[in-house]
Amino acid sequence: MIVISKAGKEDVQVIADFQVAMALETEGIQLDPETVYKGVSMVFADPSKGFYLVAKQDDEIVGSLMITFEWSDWRARTVWWIQSLYVLAGYRRQGVFKQMYAWLLERVSPDDSIGGIRLYVDLTNLNAQKVYESIGMDGNHYRFYEYMKS
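Residue numbering for the sequence shown is 501 to 650, as defined by the working numbering.
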């Protein structure tokens, strides 16, 4: 049985390892593990940056995601952004993300201070897009642009 919960500081290394693996798998980017570890740790040190969820099977973390916050002046509410989503290959297509998303919805739905949940996805990641559409998310409104310092 998969159990979803907020991550704790004891989960930093696994989450950081997941991020390094995801960057290599999805974008062919080799991240510096020390920098990623520091970045994940900083979320636990400063809750205003966000929080992590973990999915566990028999006390093994099999998936994680990060929630960050965006203020929406249009809605006068905070929007939760799903980022850094990773599920171990052996647990994909088994509903792990669906369960994490359901956990989020249970908290967002009754909370009037939260306007919704968003995420971004690589345009070439068609499998992920199908998953997001299957749980009722809509990807028809926005396109994502960025400038990132290297």
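Every residue, glycine too, gets a C-beta built ideally from N, C-alpha and C.
The region 524-563 is shown to contain whole alpha helix (DSSP H) runs of 4 or more residues at 533-545, in chain order. A residue is called buried once 16 or more other Cβ atoms fall within 10 Å of its Cβ, and GLN519 is buried on that count. Counting along the chain, the unbroken beta strand (DSSP E) around LYS506 starts and ends at 502-506. At least 8 angstroms separates the beta-carbon of PHE569 from that of LEU585. The Cβ-Cβ distance between ALA521 and VAL536 does not fall below 8 angstroms. Counting the other CB atoms within 10 Å of its CB gives VAL562 a total of 16 or more, which places it among the buried residues. In the structure shown, TYR586 adopts extended strand secondary structure according to DSSP, grouped into three states. Taken through DSSP and simplified to helix, strand or coil, SER634 comes out as helix. Our two residues, ALA507 and PHE551, have alpha carbons roughly 8 angstroms apart in a direct line.
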